[in-house]
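S.K.: Going down the list, the sequences are from chains G and R.
Mind the numbering: the first sequence is residues 8 to 229 in this note's numbering, read in order.
Mind the numbering: the second sequence is residues 8 to 229 in this note's numbering, read in order.
By construction, the Cβ of each residue, glycine as well, lies at the ideal position given by its N, Cα and C atoms.
I have a structure I would like to understand better, so I am pasting it below and will then ask my questions one at a time.
Protein chains: 2
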Amino acid sequence: MTQHRIAVIGGTGPQGKGLGYRFAKHGHDVVIGSRSAEKAVPVAAEVTERLSGVEGAGEVSGAANADAVAQADVVLLAVPYDGHDELVAALPLAGKTVISCVNPLAFDKRGAHGRIVNGGEGSAAESAQELAPEATVVGAFHNVSAVLLWGDDDYLDEDVLVVGDVVEAKEVAMDLAESVTGRRGIDAGKLRLARQLEPFTAVLISINRKYKTHAGVRISGL
Amino acid sequence: MTQHRIAVIGGTGPQGKGLGYRFAKHGHDVVIGSRSAEKAVPVAAEVTERLSGVEGAGEVSGAANADAVAQADVVLLAVPYDGHDELVAALPLAGKTVISCVNPLAFDKRGAHGRIVNGGEGSAAESAQELAPEATVVGAFHNVSAVLLWGDDDYLDEDVLVVGDVVEAKEVAMDLAESVTGRRGIDAGKLRLARQLEPFTAVLISINRKYKTHAGVRISGL
């Protein structure tokens with residue numbers, strides 16, 4: 008499998024840190040990105056510590072977001088949806104394979120639900136593609152549990168659904184999914200279907216609350 | 008398990024016919040509904056024929072939609088989204104438990120995708136609830152494959168996700184799910200999350216096309 012150098016934007020948050028850990032555990036170099044290098048470096052050290060003794064693990068370092076992107080061939084966007092557009096517009100993403108796992112969610116007393124992006128005709132991933140037209144954006148890893156990512160199981164019992172308009176970029180995310188689930192990711196279609204993958208996380212959060220678990224999605228029939 | 012008398016509105020279509028077959032196979036009486044009794048009766052006969060020799064199977068009959076509803080305690084809405092609102096508004100649904108598996112989808116050269124209901128702040132199930140305020144509407148069975156429903160496997164390797172605002176009505180759908188999957192349905196939260204379940208079918212259709220299969224959703228971690 009191709010070894011990548013992956014910038015994790017929002018790498019100090021639980022989803023980004025957990026995915027960065029899994030990618031590095033399987034030999035990819037990971038640059039944890041944050042607003043400032045000062046915030047990123049201790050998290051990189053924490054992940055490095057966690058990987059001590061793991062044979063073949065990649066290197067994990069920390070950097071300010073734009074510096075992290077500059078060093079990487081693959082960029083994982085793992086930032087909160089609030090401020091997402093401004094952040095993405097400011098990053099030097101041209102020429103990069105960009106994987107968005109951003110979930111535009113809202114919470115109220117009835118639970119989690121999807122936020123409406125562009126009147127229902129958009130998604131965080133599509134917004135990223137519009138804001139970074141010279142990057143190739145795919146959507147993936149929306150639904151994996153941050154708790155389980157940082158947990159002790161070798162692999163998560165979930166499938167990673169990958170959407171995008173460029174096959175080669177989808178292949179990168181599908182390959183990286185193996186680091187997380189032990190199985191290749193599933194090609195789930197065009198980028199616009201990120202409109203479905205992103206808010207599906209609200210359904211899983213709802214199930215988690217009801218059943219006191221960390222639910223994930225598996226696709227049967229493959 | 009409680010035995011129900013279930014009107015399947017849109018029972019001559021593949022999803023409705025397949026679900027009606029599974030429910031009747033497990034002892035529920037099913038009334039196949041269609042625009043006219045003349046269209047419903049032959050489909051009811053086809054399902055009855057399919058059930059010959061199945062011990063404990065329920066009775067399957069055919070009727071015009073409104074007559075089917077009048078006879079039933081549970082109503083399954085399995086109609087196309089086009090014309091859905093007008094049809095639902097005309098049905099005598101007051102007091103019934105209504106299960107919607109309606110998928111507002113559109114298709115173009117890039118594949119299946121979700122249709123925007125109420126600017127993204129709605130779903131077919133929520134529309135049905137608004138149009139029939141004295142019924143109790145839940146959403147379920149959106150993602151089960153019509154081909155597999157009519158197929159020979161005892162059970163589908165899928166989970167049925169149930170959303171709704173009234174627990175007792177969700178319980179009915181969760182129980183009925185056992186007829187289809189051999190497992191109880193999963194309480195996936197409030198009715199508004201039908202906004203996520205309905206268009207997720209577009210993701211499965213996309214996977215089906217890519218992998219030449221009949222994909223389904225399983226929830227891990229339960």
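Strictly under 7 Å for the Cβ-Cβ distance: is Tyr-88 of chain R near chain G by that measure?
M.R.: no
S.K.: Roughly how many angstroms lie between the CA atoms of Ile-101 of chain R and Val-167 of chain G, to the nearest whole one?
M.R.: Looking at the sequence provided, one finds Ala at residue 101 of chain R rather than Ile. So the alpha carbons of these two residues sit roughly 42 Å apart.
S.K.: Using a beta-carbon distance below 7 Å, is His-91 of chain G in contact with chain R?
M.R.: no
S.K.: With a threshold of 16 other CB atoms inside 10 Å of the CB of Arg-202 of chain G, please say whether the residue is buried or exposed.
M.R.: buried
S.K.: Could you compute how far the alpha carbon of Thr-220 of chain R sits from the alpha carbon of Val-67 of chain G?
M.R.: 39 Å
S.K.: Under 7 Å, do Ala-131 of chain G and Val-170 of chain G count as touching if we go by C-beta distance?
M.R.: no
S.K.: DSSP beta-bridge partners for Arg-12 of chain G?
M.R.: G:Asp-36
S.K.: If you reduce the DSSP assignment to three classes, tell me which class Asp-182 of chain R lands in.
M.R.: helix
S.K.: Cα-Cα, which of G:Val-210, G:Arg-225, G:Arg-199, G:Ile-193 is closest to Lys-217 of chain R?
M.R.: The candidate whose alpha carbon is nearest that of Lys-217 of chain R is G:Ile-193.
S.K.: Give the interface partners of Tyr-218 of chain G over in chain R, defined as CB-CB distance under 7 Å, in chain order.
M.R.: Leu-229
S.K.: Does any CB atom of chain A fall closer than 7 Å to the CB of Asp-194 of chain G?
M.R.: The question asks about chain A, but that chain is absent: this structure's protein chains are G and R.
S.K.: So, at 7 Å on beta carbons, what are the nonlocal neighbours of Asp-92 of chain G in its own chain, with the 5 sequence-adjacent residues on each side left out?
M.R.: Ser-134, Leu-138
S.K.: With 7 Å set as the bound, which would you pick, yes or no: does the beta-carbon of Ser-213 of chain G sit closer than that to a beta-carbon of chain R?
M.R.: Yes, contact with chain R.
S.K.: Count the CB pairs spanning the region 145 to 159 of chain G and the region 222 to 229 of chain G that are closer than 8 Å, and state whether there are at least three.
M.R.: yes
S.K.: Residues of chain G with CB under 9 Å from Leu-26 of chain R, in chain order?
M.R.: Per Cβ cutoff of 9 Å: no residues; Leu-26 of chain R is ~18 Å from chain G at best.
S.K.: Pick helix, strand or coil for Ile-106 of chain R, following the three-state DSSP scheme.
M.R.: strand
S.K.: What residues are listed by DSSP as bridge partners for Ile-226 of chain R?
M.R.: In the DSSP output, where bridge partners are listed per residue, Ile-226 of chain R has G:Val-224.
S.K.: Buried or exposed for Val-81 of chain G, going by 16 or more other Cβ atoms inside 10 Å?
M.R.: buried
S.K.: What does Gly-118 of chain R touch in chain G if you count any residue whose Cβ is under 7 Å from its own?
M.R.: Gly-196, Lys-197
S.K.: Taking the C-alpha atoms as reference points, what is the distance between His-33 of chain R and Ser-59 of chain R?
M.R.: 13 Å
S.K.: Write down the C-beta distance between Leu-26 of chain G and Val-38 of chain G rounded to the nearest angstrom, noting that I regard them as a contact closer than 8 Å.
M.R.: Contact flag wrong, Cβ pair sits at about 13 Å.
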